[in-house]
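One structure is given below, encoded as structure tokens.
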RNA sequence: GGGUGAUUAGCUCAGUGGUAGAGCGCUUCGUUCACAUCGAAGAUGUCGGGAGUUCGAAUCUCUCAUCACCCA
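In this note's numbering, the protein residues as written are 232 to 1185.
Put into structure tokens, the structure is as follows:
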């Protein structure tokens, strides 16, 4: 049956994928023929996720490595699964409920809401898995895992691989708690007012926005004054005035209400006279104005603003540090939705107590947290509205620093300046630093082994620059806030009694036992999603149970993931694996960049430059997309995806398809796998080229240089197999004595090409493989070749065929430049030729005549008038084209060739004649340079002769 | 401000000390029995600037410029 003219991926890909799945081709250990294992853990996509180009890239690379190892006979496992993605999923379900007009989260209550989430997960949670299948991902889906599997409320039983994932999470928490690695405390955290939860540093996106800097006067207590002096760099006085205030610049006036002090740099001479005195916060009811101390701290930058900084420990990270150093009270001003607090005692009462503290009274953190210092008229307001009111009140009172505008009017000094503002990466709202009780992992205690793993080389990060980034972050690691005020997640296994004592245990019963039977309430918070993702490499293998999979496949081998989650995930997996198991989770980390559009811009919905990988698969097929991904994957490279490129690789697939079609027409598709006994130089040559390809593909994939592997395959398939070998084969297939061996060689070469292309282009290669008739196995389980060039490369055939190619190219080039009609067969005169050339010509005359479109080759030393000269290594040929030759064009052609040669000869001769080069360069480089020079000089001599002959014509 | 990287053909990018490369695009020619999703031939480079190390530098070092990303 004749093959179709082109491969139809839309039709064939789903059929082929189904065939693989039905055959169990992806199962862990499938096609295993040796003892070594090879394991990759998929970076679990969010259960809410839809496949984007980043996933497509990331998973293509993983699939290439997996398929390659599986074919090589490793016991291979590609562990798939999904992440429960706390915030994203909770948000998604809330949105759905709202859209349905159903009762919301709070109305439902925790338990009912979680039921809805599980329901949602059951319905929509597999979207991304189906999308990964369209890419050709050969994960062992029978082992699909989930980071919330086995949590209370999980309606599924038995059909998921990791029913114990929840147990693993709880076990690790309890273990780390008992070791003192997890503690609870009041800390300043990034608070997301939309989701009303704490989030980690990594979930905060700092963006530059237009902001304002206000300047206000904090009057000194009791009307005190001081001499304020400013000097220039040389110490000359530029300003001297008597002041009864200290000037403060702030971008967040609403937080003034919670100020605990004003700080200046200890070396700042301007404020030295007033350090230790009190000043007044210029806002709030006049009769209850609070006085706060002026302190010194190294944090304020004397050159920035006025050099004096207000300290609001509960709402700014820098201030928090200053307040802790100086034992300054931290007054929380906002509630969980970032509205000004409206709880607690009236302002007058709170302010009076705060004043006692400022005057030196003892206080506790807990007491301070109960004090609501928001004036009664501002309570309950949104933080931005409160800001406006505060600014207005201060300005009306005349306590804003004034300046003059363009018209000479006095106006408040407000600088417009870009400021960096923190946003929640999920909610997009401005993050509020908030002083709250949270759970923390004391990462400083567990970071050591992870750092050591990379420093010692046990774990290799690629590209190497990733290691520096890794060190930098881990060496300066901050405590990791792991509690989230959400419902969807692993609830923290800690219970409290009425006195607030903590009981951490794997179950409520165990906790109650510890508490001696006292009534307990459970901490409502859940764990950061990344806490459970950190256990991915072993939680998916059945840990904490002692499973065969855990023993066999852990530690895993290569982790392929985006650079952006090096800290989120990679570093934490390394820390947690070491903390829990005392082992590294993998030995190699391959980091890649974000996939961008063809101009290098981030893809974003607002820019409208998003490329949907599934649309690409629809239009060009998964193989074309995969090949493009592999081809882009230079280590550390920027990833720019353009549809033109994808189209090019779709064309590559068609080229391969047509080569197979040609083979099939000639009865040369599908070999029995035995190495053909070739006698024709062309056949010997292609066998050697296949061996070269095998070596370069393996070398490239071993080094994770996917682009090198893809390019080697492309260059071989198109540039060697199709451009030359199939053309060489045509006269051979028509011959009596070489036809059989050529069919065998072609079948073998194409099978080898399909095999080696399969990890990158699994669909089209499997399809062609299957078209060749009865095979013992599918290509996905074909054994990967191991032959070497030492075994298969015939050096003589290699030299010979390269000479043949260069002769054909030289003749074609001369013909084209002389505008010889492409269809015209011309005679060729052999002018002179060395022995090797004679032999190559004799063996391959049929190929040369066909490909260079030559009518006859005759040998004669004396040339007729009007010849074009073609020089090749070892000799020269002439094309007698007196009737169509353009002498000037030929002269120009020769001159140009001579110029180029002359330049090369100059360079080579310069080196050879330099005694220092001969003395210092390696012998083989010197020899090579000499040989090269000799060749060039020989060619130059021939061309000069030819040019002289032409000039004699005139 | 700190860190990391980039700068090579018109475009997108490979290239870790030994004759500057690929794909796309461009020009000319071509319906040769696998392929027009194709074939043949061709043009295009002070390898960002400057300095240094070296027999030899796109590659190593320093410096300047521009850009990108990450963290403040």
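Beta carbons: idealized from backbone N, C-alpha and C, even for Gly. No experiment lies behind these values; they were computed from the predicted model shown.
Span of the alpha helix (DSSP H) around residue i
i: residue 956; result: Careful: residue 956 lies outside any alpha helix (DSSP H) and carries neither H nor E.
i: residue 920; result: 912-933
i: residue 1127; result: 1118-1143
i: residue 358; result: 358-366
i: residue 345; result: 341-355
i: residue 617; result: 614-627
i: residue 734; result: Per DSSP, residue 734 belongs to no alpha helix (DSSP H); it is in the beta strand (DSSP E), 733-735.
i: residue 987; result: 970-988
Nearest neighbour of residue i, chosen from the options [CA to CA]
i: residue 962; options: 982, 992, 693, 912; result: 912
i: residue 1039; options: 1018, 1083, 1012; result: 1083
i: residue 309; options: 322, 294, 316; result: 294
i: residue 414; options: 669, 752, 982; result: 669
i: residue 378; options: 399, 365, 362, 369; result: 399
i: residue 540; options: 363, 242, 759, 499; result: 499
i: residue 860; options: 824, 888, 593; result: 824
i: residue 529; options: 682, 622, 920, 552; result: 552
i: residue 464; options: 534, 425, 801; result: 534
i: residue 1091; options: 1111, 1085, 1081; result: 1111
i: residue 758; options: 1020, 925, 672, 730; result: 672
i: residue 197; options: 1116, 1161, 1120, 1123; result: A query on residue 197 cannot be resolved here, the shown segment of the chain reaching from 232 to 1185 and no further.
i: residue 447; options: 479, 1097, 736; result: 479
i: residue 730; options: 722, 718, 751, 1088; result: 751
i: residue 1094; options: 1080, 1063, 1119, 1115; result: 1063
Reduced DSSP secondary structure (H/G/I, E/B, other) of residue i
i: residue 437; result: strand
i: residue 1025; result: coil
i: residue 286; result: helix
i: residue 1172; result: helix
i: residue 864; result: coil
i: residue 378; result: coil
i: residue 786; result: coil
i: residue 1111; result: strand
i: residue 802; result: helix
i: residue 1080; result: helix
i: residue 315; result: coil
i: residue 779; result: helix
i: residue 452; result: helix
i: residue 447; result: strand
i: residue 1015; result: coil
i: residue 472; result: strand
i: residue 228; result: Lying before the first or after the last residue shown, residue 228 is absent from the chain, which here runs from 232 to 1185.
i: residue 649; result: strand
Same chain only: Cβ atoms within 7 Å of residue i, ignoring 5 sequence neighbours per side
i: residue 352; result: 278
i: residue 584; result: 602
i: residue 1029; result: 916, 919
Where the beta strand (DSSP E) containing residue i begins and where it ends
i: residue 726; result: 725-727
i: residue 233; result: Per DSSP, residue 233 belongs to no beta strand (DSSP E) and is neither H nor E.
i: residue 1007; result: Neither: residue 1007 is in no beta strand (DSSP E) and is coded neither H nor E.
i: residue 885; result: Looking at the DSSP string, residue 885 is not in any beta strand (DSSP E); the run it does join, the alpha helix (DSSP H), is 874-896.
i: residue 460; result: 457-462
Nonlocal neighbours in the same chain, by C-beta distance under 8 Å from residue i, ignoring five residues either side
i: residue 1034; result: 1067, 1068, 1071, 1103, 1104, 1105
i: residue 883; result: 855, 858, 945, 948, 949
i: residue 927; result: 939, 940, 943
i: residue 886; result: 948, 949, 953
i: residue 290; result: 273, 363, 366, 368
i: residue 548; result: 419, 664
i: residue 1056; result: 1084, 1085, 1086
i: residue 281; result: 358, 359, 362
Own chain residues within Cβ distance below 6 Å of residue i, not counting five before or after
i: residue 336; result: 325, 344
i: residue 542; result: 491, 492, 494, 550, 553, 554, 559
Open item on the list: As an exercise, report each continuous beta strand (DSSP E) stretch of at least 3 residues that is fully enclosed by the region 531-564, in chain order.
Closed with: Segments of the beta strand (DSSP E) lying fully in the region 531-564: 539-542.
Open item on the list: Just to confirm the assignment: which complete beta strand (DSSP E) runs, minimum length 3, are found wholly within the region 484-531?
Closed with: Fully enclosed beta strand (DSSP E) runs of 3 or longer: 492-495, 509-511, 522-527.
Open item on the list: Going residue by residue through the region 651-718, where are the continuous alpha helix (DSSP H) segments of at least 4 residues, counting only ones entirely within it?
Closed with: Within the region 651-718, the complete alpha helix (DSSP H) runs of at least 4 residues fall at 674-686, 696-706.
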